[in-house]
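Report on the structure given below.
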Amino acid sequence: MAGLLPRMSLEPAPGYRRFVECRFEALRRDARRLANPGQDVDEVCTNVLADVALRWRWLEILRVWLRRPDPAGAYLGVALARRTAPWRPDSPETRVEPDDYREIEVFTDLVPARWTAPPAATGAAAGPAATSAAVRIAAVRPLPPPPPSADVEAVIAWLHAHETYERYRRVVTGTAAAIAVAVMFTV
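Going by the numbering used here, 1134 is the number at position 52 of the sequence shown; the sequence numbering is gapless.
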């Protein structure tokens, strides 16, 4: 059962890294253009790259054996459209109907009578907080966020895809084992 689905390497494929390096800036630009202001562009890019990494083996088969010109690039656009579709205002998932709201009751009598708020919530001084010099300096001089790197994003997306693939593998293996056990006991 363990070999039902092939394993996915923990290291990103070299072709995948080159693909991400070539397409990363265009992907960020398109994600910035398509995503809503409330949606994190870095998260969208990582999720899209993870979708491509999850299907990388199949996309390479399409490119090499079936001689398709750029299946990974075409799928990148499809994945980006799918990841940003729920956030677009014209998308049916974002329309809210009046029936979607329900009345919520708040019960305030569930707090026991002997309960008291912690000292920090009441305004009482809890004493000086012990901090290090690094914490005090960090509050004064925050570091700028590092610029996004295509290589780092490729590795992160590949690891996300690896986790998803291993989860799928476990589900398929468990389902096949359950079916095999059920067939053994019914025959």
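Where a beta carbon is used, it is the ideal one built from N, C-alpha and C, also for glycine.
Everything numeric in this text was worked out from a predicted model, so none of it was measured.
C-beta contact flag for residue i and residue j at 8 angstroms
{"i": "Pro1094", "j": "Val1237", "result": "yes"}
{"i": "Leu1141", "j": "Tyr1157", "result": "yes"}
Cβ shell of residue i (< 6 angstroms), same chain only, five flanking positions each side left out
{"i": "Phe1101", "result": "Ala1154"}
Straight-line gap, residue i to residue j (C-alpha atoms, nearest Å)
{"i": "Pro1226", "j": "Asp1124", "result": "16 angstroms"}
{"i": "Gly1159", "j": "Arg1139", "result": "18 angstroms"}
{"i": "Ala1258", "j": "Ala1132", "result": "26 angstroms"}
{"i": "Val1134", "j": "Arg1099", "result": "11 angstroms"}
{"i": "Glu1245", "j": "Leu1148", "result": "28 angstroms"}
{"i": "Arg1145", "j": "Arg1105", "result": "17 angstroms"}
{"i": "Val1253", "j": "Arg1223", "result": "48 angstroms"}
{"i": "Asn1118", "j": "Ser1231", "result": "22 angstroms"}
{"i": "Val1217", "j": "Pro1228", "result": "19 angstroms"}
{"i": "Tyr1250", "j": "Ile1261", "result": "16 angstroms"}
{"i": "Phe1267", "j": "Met1090", "result": "33 angstroms"}
{"i": "Pro1151", "j": "Tyr1247", "result": "26 angstroms"}
{"i": "Gly1097", "j": "Glu1107", "result": "17 angstroms"}
{"i": "Val1263", "j": "Glu1103", "result": "47 angstroms"}
{"i": "Thr1176", "j": "Arg1164", "result": "For Thr1176, the pLDDT reaches just 49, beneath the cut-off of 50, and the residue's location in the model is therefore unreliable, although a value from the coordinates is still provided. C-alpha separation (whole angstroms): 14 angstroms."}
{"i": "Ile1143", "j": "Ile1219", "result": "53 angstroms"}
{"i": "Pro1088", "j": "Thr1255", "result": "11 angstroms"}
Sequence-distant residues of the same chain with beta carbon closer than 8 angstroms to residue i, five excluded per side
{"i": "Leu1162", "result": "Leu1109, Asp1112, Ala1113, Leu1116, Val1126 and Val1130"}
{"i": "Thr1128", "result": "Glu1235, Ile1238, Ala1239 and His1242"}
Cut-off 7 angstroms between Cβ atoms - residues of its own chain near residue i, not counting five sequence neighbours on either side
{"i": "Val1265", "result": "none"}
{"i": "Leu1092", "result": "His1244"}
{"i": "Val1269", "result": "none"}
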